[in-house]
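Asker: Before I ask anything, let me first share the structure, which is written out below as structure tokens.
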Amino acid sequence: MPQDSMDTTPATPPRSPDTEAVHAGREDLAALGLHVAPLDLSTTYPSPDSRAEAARLDEFAATGARLEGPPVYARLDNPTVARFETALARLERTEAAVAFASGMAALSAVLLERASRGLRHVVAVRPLYGCSDHLLTSGLLGTETTWTDPAGIADAIRPDTGLVMVETPANPTLAEMDLAAVAHSCGSVPLLVDNTFATPVLQRPVEHGARIVLHSATKYLGGHGDVLGGVVACDEETARGLRRIRFATGGVLHPLAGYLLLRGLATLPVRVRAQSATAAELARRLAADPRVARVHYPRLGGAMVSFEVHGDPHSVIAGVRLITPAVSLGSVDTLIQHPGSISHRIIGETHRRTGGIGEKLLRMSVGLEDVEDLWRDLDAALDASSDAASRAASNGAEGGVTGLGDRSSAPPRREPERAGR
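Quick look at the structure:
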């Protein structure tokens, strides 16, 4: 190109994730005379030029490219959902994002997209979210999975391997792995990283070599426990295949969910940082508590804390009053659950042990409450757990049954264990 014809327009400097969270997907609002993104609930749209529509649909069927011009039908595209997809892609720094009705619908679409290319083999590292593990193990979608540790990824890859899947920090142990090293081991096989726990505030996997990023948008992206959704951030080629799968299978994100998720992104950085600060302090206190056997907290930080108690973990669940004993995570309020009973029950005891998920392990998603209020609630619940263990030990001594142990068997004060593989 001749020098005098070159584009000399200054490049737009990259914006901070804090700014992208507020403005991405909304840049056209001022020109539309709007301040808040509109909610489009239409299921269908007028198509007066049927010949032109036929051409557009032929192009979509062939390529999976997002339709140019007005929408046709909500299963193809929706303007509100598209805004959320644009914003999430900008936060993850990928070319595109495709939203689905749930995180599991999103993962299913990825597996189906790879299988459509004849690539049905998956290499995966435990632990993963329990339902992800179950989907891969069950073969419900015709996939075959080889489970390995990070060091064994390269050796596990076959000619028909379509995907390597990891989760870091992992659910529920918060184990971390070196994403750059994992991506190197994958070679040309796409690496999918479940980034639900970290969010793009703390970690952007594509910057370390991943090609596909999965989120259960139900969690931190929504952030208020009132919306169900999933999203895949990826390159445009992968996105085109995912759009075709979504159209064929119907796992679309409802526009209201898209609206709530876009709104949730605006406060994502603020929420994650505030929740992480409280989580780090609770992890520190739990690690110094003689009633707690072990604490898992990632080097990366974040709002998730897992810990193992000396006493009865179920008594901790039953003993909290401020903290909500419930599955899920990422909400503004603090949740606690027993993975072996709920989130990872479906994968079975043997595979739970393989993934480091013991029966004494509890997983806590820290919200926005005051740290002192949360600690008082935890302290009382831990007392209840110790009391239950003491009663069990007494009954065991009288009846010849081994007890669960009590505070006298606890280790000395220690720092939180920063989870690693």
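Take the sequence shown: its letter number 35 is residue 40 in the working numbering, and every next letter is one higher. Glycine residues also receive a C-beta, built at the ideal position from the N, C-alpha and C atoms.
Quick check: the Cα distance between P210 and D392, rounded to an integer number of angstroms?
Answerer: One-based indexing of the sequence shown puts residue 210 at position 205. One-based indexing of the sequence shown puts residue 392 at position 387. When rounded, the distance between both Cα atoms is 44 Å.
Asker: Looking at A106: is its Cβ nearer than 8 Å to the Cβ of G256?
Answerer: Within the sequence shown, numbered from 1, the residue matching residue 106 stands at position 101. Within the sequence shown, numbered from 1, the residue matching residue 256 stands at position 251. Their beta carbons are under 8 Å apart, which means A106 touches G256 by this criterion.
Asker: By alpha-carbon positions, which one of I341, A104, A79 ends up nearest to T91?
Answerer: Locating residue 91 in the sequence shown gives position 86, where the first residue counts as 1. Taking only the C-alpha atoms, the option nearest T91 is A104.
Asker: May I ask you to report which of helix, strand or coil DSSP gives H229?
Answerer: What you label residue 229 is simply residue 224 of the sequence shown in a count that begins at 1. Coil at H229, not helix or strand.
Asker: For Y50, which of helix, strand or coil comes out of DSSP?
Answerer: As a working mapping, residue 50 is identified with position 45 in the sequence shown. Reduced to three states, the DSSP call for Y50 is coil.
Asker: Determine the contact status of T166 and H213, defining contact as a CB-CB distance below 8 Å.
Answerer: To locate residue 166, count along the sequence shown from 1; it is residue 161. To locate residue 213, count along the sequence shown from 1; it is residue 208. When the beta-carbon positions are compared, T166 and H213 stay at least 8 Å from each other.
Asker: Measure the C-alpha to C-alpha separation of S55 and G147 and round it to an integer number of angstroms.
Answerer: Along the sequence shown, one-based indexing puts residue 55 at 50. Along the sequence shown, one-based indexing puts residue 147 at 142. Computed Cα separation, rounded: 38 Å.
Asker: Does the beta-carbon distance from T223 to G108 come in below 8 Å?
Answerer: Working through the sequence shown from its first residue, we reach residue 223 at position 218. Working through the sequence shown from its first residue, we reach residue 108 at position 103. Yes.
Asker: Could you tell me the alpha carbon to alpha carbon distance between G345 and T150, rounded to whole angstroms?
Answerer: For this step, residue 345 is matched to residue 340 along the sequence shown. For this step, residue 150 is matched to residue 145 along the sequence shown. Cα to Cα, G345 sits roughly 22 Å from T150.
Asker: On the premise that G372 lies in contact with S333, defined as a C-beta separation below 8 Å, what is that separation, rounded to the nearest angstrom?
Answerer: For this step, residue 333 is matched to residue 328 along the sequence shown. For this step, residue 372 is matched to residue 367 along the sequence shown. The Cβ separation is near 12 Å, so there is no contact.
Asker: Go ahead and pull the three-state DSSP assignment for L266.
Answerer: As a working mapping, residue 266 is identified with position 261 in the sequence shown. Collapsing the DSSP output to three states places L266 in a helix.
Asker: What residue range is occupied by the uninterrupted alpha helix (DSSP H) comprising M182?
Answerer: Numbered from 1 along the sequence shown, position 177 holds the residue referred to as residue 182. No alpha helix (DSSP H) contains M182, which DSSP labels as neither H nor E.
Asker: Would you mind sorting E377 into buried or exposed? The rule is 16 or more other CB atoms within 10 Å of its CB.
Answerer: Counting from one through the sequence shown, the residue named residue 377 turns up at place 372. It is exposed - the Cβ of E377 has fewer than 16 other Cβ atoms within 10 Å.
Asker: Alpha carbon to alpha carbon, what distance is there between G363 and G404?
Answerer: Working through the sequence shown from its first residue, we reach residue 404 at position 399. Working through the sequence shown from its first residue, we reach residue 363 at position 358. Interpretation of G404 is limited by its pLDDT of 38, a score under 50 that renders its predicted location unreliable; the figure taken from the coordinates is listed afterwards. Computed Cα separation, rounded: 26 Å.
Asker: Comparing C-alpha positions only, which one of R163, V236, L124 sits nearest to A102?
Answerer: Your numbering for residue 102 matches position 97 in the sequence shown. A102 has its Cα closest to that of V236, out of R163, V236, L124.
Asker: Would you call the segment 184-201 and the segment 149-163 in contact, with 3 or more CB pairs under 8 Å?
Answerer: yes
Asker: What are the boundary residues of the beta strand (DSSP E) that E313 is part of?
Answerer: Numbered from its first residue, the sequence shown carries residue 313 at position 308. 309-314 is the extent of the beta strand (DSSP E) around E313.
Asker: Just curious, the alpha helix (DSSP H) that F252 is in, first and last residue?
Answerer: For the purposes of this step, residue 252 is taken as the residue at position 247 of the sequence shown. Segment 241-254, the alpha helix (DSSP H) holding F252.
Asker: Out of D375, F252, A29, P18, point me to the one whose CA is closest to Y78's CA.
Answerer: As a first step, residue 78 must be located in the sequence shown, where it is residue number 73. Checking every option, the nearest Cα to that of Y78 belongs to F252.
Asker: For P303, does the three-state DSSP call read helix, strand or coil?
Answerer: Mapped onto the sequence shown, residue 303 falls at position 298. Note: P303 maps to strand in three-state DSSP.
Asker: Go ahead and label S413 buried or exposed: buried means 16 or more other beta carbons lie within 10 angstroms of its beta carbon, across all protein chains shown.
Answerer: Residue 413 sits at position 408 when you count from the first residue of the sequence shown. Because S413 sits at a pLDDT of 33, beneath the cut-off of 50, its placement in the model cannot be relied upon, and the point is left open.
Asker: Compute the Euclidean distance between the alpha carbons of P18 and S143, then round it to the nearest angstrom.
Answerer: Counting from one through the sequence shown, the residue named residue 18 turns up at place 13. Counting from one through the sequence shown, the residue named residue 143 turns up at place 138. Distance between the alpha carbons of P18 and S143 is about 46 Å.
Asker: Between the segment 295-313 and the segment 352-369, do at least 3 Cβ pairs fall closer than 8 Å?
Answerer: yes
Asker: According to DSSP, what are the bridge partners of Y78?
Answerer: As a first step, residue 78 is located in the sequence shown; it is residue number 73 there, counting from the start. Residue pairing by DSSP places Y78 opposite T49 in a beta bridge.
Asker: DSSP three-state call for T99: helix, strand or coil?
Answerer: Residue numbering aside, residue 99 sits at position 94 when the sequence shown is read from its first letter. It is coil, neither helix nor strand.
Asker: Alpha carbon to alpha carbon, how far is I351 from A282?
Answerer: Along the sequence shown, read from residue 1 onward, the residue named residue 351 stands at position 346. Along the sequence shown, read from residue 1 onward, the residue named residue 282 stands at position 277. Going from the Cα of I351 to the Cα of A282 covers about 32 Å.
Asker: Since L2 and N200 should fall inside the 8 Å C-beta cutoff, what is the C-beta to C-beta distance between them, to a whole number of angstroms?
Answerer: No information on residue 2 is available, as it lies outside the stretch 6 to 426 that the chain covers here.
Asker: Quickly, what does DSSP pair L196 with across the bridge? List them, please.
Answerer: Here residue 196 refers to the residue found at position 191 when the sequence shown is read from its first residue. According to DSSP, L196 bridges with V169.
Asker: Is it true that the CB of A288 sits closer than 8 Å to the CB of V300?
Answerer: On the sequence shown, position 295 is the one that residue 300 refers to. On the sequence shown, position 283 is the one that residue 288 refers to. Contact: yes.
Asker: Is T148 close to the ligand NAD? I mean its beta-carbon at under 7 Å from any heavy atom of the ligand.
Answerer: With respect to the ligand NAD, the structure shown offers nothing to examine, as it has no ligands at all.
Asker: Considering only residues of the same chain and omitting the five flanking positions on each side of E97, which have a CB-CB separation below 6 Å?
Answerer: Residue mapping note: residue 97 aligns to position 92 of the sequence shown, counting from 1. Excluding sequence neighbours, E97 sits near P205, R209, V218, A238.
Asker: In whole angstroms, give me the CA-to-CA distance for A87 and A57.
Answerer: Working through the sequence shown from its first residue, we reach residue 87 at position 82. Working through the sequence shown from its first residue, we reach residue 57 at position 52. Computed Cα separation, rounded: 22 Å.
Asker: Below 8 Å on the Cβ atoms is my contact criterion, and I expect H349 with P177 to pass it. Report the Cβ-Cβ distance as a whole number of Å.
Answerer: The count along the sequence shown starts at 1 and reaches residue 349 at position 344. The count along the sequence shown starts at 1 and reaches residue 177 at position 172. With 8 Å as the limit, H349 and P177 qualify as a contact, their Cβ atoms being about 7 Å apart.
Asker: Per DSSP, T329 is paired with what?
Answerer: For this step, residue 329 is matched to residue 324 along the sequence shown. Bridge partners of T329: L340.
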